[in-house]
Amino acid sequence: MDQITNMENIFHKLGDLKSFFVYGQKLIPILQKILTFMEDTVPLLEKVNQSLQESTSKMPKATHQINSITNATEIATTEILDIVDGMTLDIQSMQSKLESLKSRTGEDEDVKSLLKMVESISNGMMNITISLQVQDITAQQLSSVNHLISSIQEKLAGLIFEVKDKDISGGVDVDYQFPKNGSFNADARYEKNTGSQKLADSLVSENINNTSQEEIDKLFAKQ
Amino acid sequence: MALKFLVVDDSVTMRRIVANSLKTIGHNLYVEAGDGREALTKLASDDTINFVITDWNMPDVSGLELVKSIRANDKFGKIPILMVTTRGLKEDIIEALEAKVNNYVVKPFTPQILREKIEQIISSAV
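Which chain is which? The protein sequence lines are R and U, in order.
Heads up, the first sequence is in the working numbering, so the first residue is 14 and it goes up one at a time.
Heads up, the second sequence is in the working numbering, so the first residue is 110 and it goes up one at a time.
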């Protein structure tokens, strides 16, 4: 009786084994597809990684280039201001000589006309100076772009740093420190419309000046 | 009344433009500082400075921090301060006024605007 039971168990186990093999045969093509997919994906991931490394390694260079632009425009603006200052001094000298000439020659129309021209040139010089404020405003806009690049670089460097231990980070300097610079206004705009100034004027007029009269008087009395 | 200005801006260009504008409107006395920290040092060492014109966005100690530091100072806490900045949003202006700037100029500015604001501050003291 026991032998019959054992044989039945063996047949039952053999049945299970057969089912396992049948299942295995069905599974093999799926596993093969997964392997093929992985074989296709690995080069793609390597390309993504390489691209990530390249992009990240180029970011400090981009930042340096932007800083170079800012420095170059600042130097150029200073040079323009030097020229404007020199010309302004010449104009002032010319103006004073013309005034002297006017006082000697009376109401000479040519002298009066020249004085008007000199005044117009002088105003033009001042307008050039005013327009050069664009350098500071664009410098702030460029700093804002640098800050954005820095944020992206930090994220990408973080990703690379995570896979660094697996030795696939390549030669990227993930520890590169971007210059920390809070000296910009991301909303800086070169607009000559007076909307913002009017808003400021309105808010200032509403504001109660807490500096007492007596204290301001004391301050100016020092002079 | 002779005014001696402290022009605070991290941009060399802007310091120069503010200085030129001051000269245009008849104020020839000024000293410069490249950031808030340097400005505080100059204020502490030069008691002839009686007017501050400051930018907002500067590294290290910003213009707003400078204003707060000045107002908290017993020696030069009441000095008139004019903020000259690119920040033209309402909340920025309110923040500056809460920090107790006396007046506010949005860049780009003209010497005439600078004159107007300086005169407003001075006239409030007369």
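Here a beta-carbon is modelled for each residue, glycine too, at the ideal position from N, C-alpha and C.
Given the structure is predicted, the values throughout are model-derived calculations rather than measurements.
When secondary structure is reduced to three states using DSSP, residue 170 of chain R falls in the helix class. Annotation: the continuous beta strand (DSSP E) that includes residue 160 of chain U extends over 160-163. Close to chain R, meaning a Cβ-Cβ distance shorter than 8 Å, are the following residues of the region 181-192 of chain U: 187, 188, 189. When only Cα atoms are considered, residue 149 of chain R and residue 89 of chain R end up about 12 Å apart. Sixteen is the threshold: when 16 or more other Cβ atoms of the shown chains lie within 10 Å of the Cβ of residue 69 of chain R, as they do, the residue is buried.
Per the C-alpha coordinates, the member of U:119, U:125, U:130 positioned closest to residue 226 of chain U is U:130. Around the Cβ of residue 187 of chain U, a 10 Å sphere holds 16 or more other Cβ atoms; the residue is buried.
Residues of chain R whose Cβ lies closer than 8 Å to the Cβ of residue 120 of chain U are, in chain order, 87, 148, 149, 152. The beta carbon of residue 134 of chain R sits no closer than 9 Å to any beta carbon of chain U.
According to the DSSP secondary-structure assignment, residue 194 of chain U is paired through a beta bridge with U:215.
A Cβ of chain U is located within less than 9 Å of the beta carbon of residue 198 of chain R.
DSSP places residue 120 of chain R in no alpha helix (DSSP H); its state is neither H nor E.
Look at residue 224 of chain U: its C-beta is not under 9 Å from any C-beta on chain R. For residue 204 of chain U, the enclosing alpha helix (DSSP H) starts and ends at 199-207. Between the region 200-208 of chain R and the region 142-157 of chain R, the count of Cβ pairs shorter than 8 Å is three or higher; the stretches touch.
For residue 217 of chain R, DSSP records no beta bridge to any residue. The alpha-carbon of residue 158 of chain U is positioned some 13 Å away from that of residue 136 of chain U. Here residue 164 of chain U is buried: its Cβ has 16 or more other Cβ atoms, across all protein chains shown, within 10 Å. Taking 9 Å as the CB threshold, residue 218 of chain U lines the interface with chain R. Per DSSP, reduced to three states, the secondary structure at residue 170 of chain U is coil, with no helix or strand assignment. A distance below 7 Å between beta-carbons, with the five flanking residues on each side excluded, links residue 134 of chain R to the following residues of its chain, in chain order: 104. For residue 139 of chain U, no Cβ of chain R is located within less than 9 Å of the residue's own Cβ.
Going by beta carbons, residue 168 of chain U and residue 164 of chain R fall outside the 9 Å limit. Check the Cα spacing between residue 167 of chain R and each of R:65, R:19, R:58, R:23: the tightest is with R:65.
Around the beta carbon of residue 216 of chain U, 16 or more other beta carbons sit within 10 angstroms, so the residue counts as buried.
In the assembly as shown, residue 56 of chain R is an exposed residue. Its beta-carbon has fewer than 16 other beta-carbons within 10 Å. A contact between stretches requires three or more CB pairs, one per stretch, nearer than 8 Å, and the region 35-50 of chain R fails this requirement with the region 125-132 of chain R.
Nearest C-alpha to residue 141 of chain U among U:180, U:117, U:149, U:156: U:117. Interface criterion met: the Cβ of residue 139 of chain R is under 9 Å from a Cβ in chain U.
According to the DSSP assignment, residue 148 of chain U belongs to the alpha helix (DSSP H) that extends over 145-154.
For the pair residue 160 of chain U and residue 210 of chain R, the CB atoms are not nearer than the 9 Å cut-off. Here residue 149 of chain U is near residue 175 of chain U, since their CB atoms are less than 9 Å apart. Between the C-alpha atoms of residue 54 of chain R and residue 126 of chain U there is a straight-line separation of about 59 Å.
Spatial neighbours of residue 177 of chain U in its own chain (CB-CB distance under 6 Å, excluding positions within 5 residues in sequence) are listed in chain order as 208.
Residue contact with chain U for residue 90 of chain R: present (Cβ-Cβ distance below 9 Å to some residue of chain U).
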